[in-house]
Ligand SMILES: Cc1ncc(COP(=O)(O)O)c(C=O)c1O
C-alpha cells in the first residue's frame, strides 16, 4: 500500500485527497522535496507556519538539546526554565502591556483560552466576531467562525455569538466604497451590540488580517473605530494572531500596526516553526483573574516546543525576517498589481508582508468568484514547481504565504510560474476542458 492509499484507508481527514498531490520526502528553507525527487518552491509554509524556514538549524539544535534532557515533565506541574524564558520573551516582543501568557498546543486552544479568560475577567458571556472569520475547529471556536459551510453538521453550536460585517472592501457587505464609506463596517459594530446581544458582551474577537476568509486586510481606520465602540461598551478586544504573528505580516505581530493594543492576543502557527505550541498573552490584571484550577493543558508549554519557540523568535529577530517579509511582500504586491493588468482572472490583489491573496474572478465587472479556476491555477503552479494555497470564503483566493526566508530570486521564480499558470488557465481551451 502506498502512502496515498494508507491515507485513504486509515486517516480520518476531510481534506483528502491532499491537494496538491505531493508526497513529501524532506524540506529545506523555502523548498519541499517530494519522494519522487521533485523539489518545489514552497509558497504556503505548511499553512503559514514555518516562518523561519524548513529544517531551520537553530530550531533543530534547540529542540535536540531540549530532547536530550527531557521531552515532557508537565510545564504546569513543575517550573520549566524554557517556559519561563519563553513567557518573558513574549512579554518583551508583544505590544506594550501584554505580559502574561498561557500555553496550549493549537491555534484553536489558544482562542478557547482567550474566550475563557475574557469571560472570567469581565464576568460576561457573549462575544462578537466577524463574518468570514476563522478561529478554529473546536466547538467554541467554530461558533465564532463566519463561514456557515465550516459549521455544517456540527450544530448545535455555542450560543451567545453575534456577527459583525467583515471589513472586506473588495466585496463590501454594506455595498459601499472605501474611503467614501467612512469605514461604516466599523460603526456597524455598535448596531451589533444594540440589536444582536443581550448587553453582556465579554469581548470582540478579530484577525488583524483575515486569513482563511481570503487574506482580507481591514482599512487602517477599522480597528481604532471598533476599539472606541468596544471601550464604550466595556468589552475587551481579542486579536486572533494565530496566523498573522511572528513576522508574517512584516512586523513581529500584526497588532503593532492596527492602531490599537489588544487586551488579549492569541498566537500559534509560526511560534515554534512547526512544533505544536500556542499561547494567548494578556495584561496581568486579566491573566490573574483565573483562579487555581480554572484552566489547564497537559501538553501546554511542552519543553521541546518551548525551546524551539525561543530559538525561532531569536532567529526571526537576528535575521530581521519581519522586515524581509515586508520588503519581499511589497515586491510581490507590486508585481501582482502589474500582472493584474494583463491577467483578467485577477479580481483583487491584497496582503501585508508575506500574507498575500490573489482573488480570482470570472468577470471583473460582476466579480463572480472563480473557485474552479483557482484550483486549476494551484495545480498548474504545482506542475511548474510552485506550491501555493487556495482558499478564501468562496474558494477563489490563491494564497502566497511562503517561509519568510524566501529569497528574491525564489520569489521572482514563483511570480513567473504564477503568471504562466494564470495565462494557461485563462486560455479558453483550459477553461472548457475543466468544465
Ligand atoms: C486566525 C486563526 N485562528 C485560529 C486558527 C486555528 O488554528 P489551529 O488549526 O492550530 O487550531 C487558525 C487556523 O488556520 C487561524 O488562521
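Residue numbers (my numbering): -5 to 429. Beta carbons: idealized from backbone N, C-alpha and C, even for Gly. Predicted, not measured: the structure shown is a model, and the values here were computed from it.
Cβ-based burial, residue i [other Cβ within 10 Å; buried from 16]
i	result
residue 403	exposed
residue 363	buried
residue 59	exposed
residue 212	buried
residue 393	buried
residue 42	buried
residue 412	buried
residue 135	buried
residue 332	exposed
residue 234	buried
residue 290	exposed
residue 335	exposed
residue 410	exposed
residue 3	exposed
residue 137	buried
Neighbourhood of residue i by C-beta, 6 Å cutoff - its chain only, sequence neighbours within 5 removed
i	result
residue 315	241, 398
residue 228	none
residue 103	272
residue 33	25, 27
residue 95	81, 84, 273, 275
residue 205	237
residue 156	122, 186, 190, 191
residue 16	28
residue -2	none
Residue(s) in a DSSP beta bridge with residue i
i	result
residue 34	26
residue 171	Bridge partners of residue 171: none, in fact.
residue 349	346
residue 221	For residue 221, which the question treats as bridged, DSSP gives no partner whatsoever.
residue 200	233
residue 210	204
residue 158	124
residue 362	357
residue 94	276
residue 48	23
Helix, strand or coil at residue i according to DSSP, with G and I counted as helix
i	result
residue 258	strand
residue 372	helix
residue 440	One cannot answer for residue 440 here, as it falls past the ends of the chain, which runs -5 to 429.
residue 318	helix
residue 267	strand
residue 392	strand
residue 100	coil
residue 232	strand
residue 384	strand
residue 20	strand
residue 340	strand
residue 432	As shown, the chain starts at -5 and ends at 429. That puts residue 432 outside it, with no answer to give.
residue 55	helix
residue 462	No information on residue 462 is available, as it lies outside the stretch -5 to 429 that the chain covers here.
residue 125	coil
residue 66	coil
residue 367	helix
residue 43	coil
residue 192	coil
residue 289	coil
residue 226	helix
residue 284	coil
residue 399	coil
residue 426	Low confidence applies to residue 426: its pLDDT is 48, below 50, so where it sits in the model is not reliable enough to give any reading.
residue 242	coil
residue 106	helix
residue 409	helix
residue 5	coil
residue 139	coil
residue 79	helix
residue 252	coil
Beta-carbon proximity list for residue i, same chain, < 7 Å, skipping 5 on both sides
i	result
residue 192	120
residue 139	127, 128, 129, 145
residue 254	217, 218, 221, 231
residue 322	348, 400, 402, 405
residue 427	For residue 427, the pLDDT reaches just 47, beneath the cut-off of 50, and the residue's location in the model is therefore unreliable, leaving the point undetermined.
residue 194	118, 119, 120
residue 50	267, 309
residue 87	246, 307
residue 40	268
residue 327	343, 345, 350
residue 65	297, 298
Residues near residue i by beta carbon distance below 8 Å, same chain, minus five either side
i	result
residue 198	121, 122, 123, 158, 183, 220, 224, 229, 230, 231, 232
residue 414	374, 378
residue 338	358, 420
residue 172	163, 166, 213
residue 70	290, 291, 294, 295
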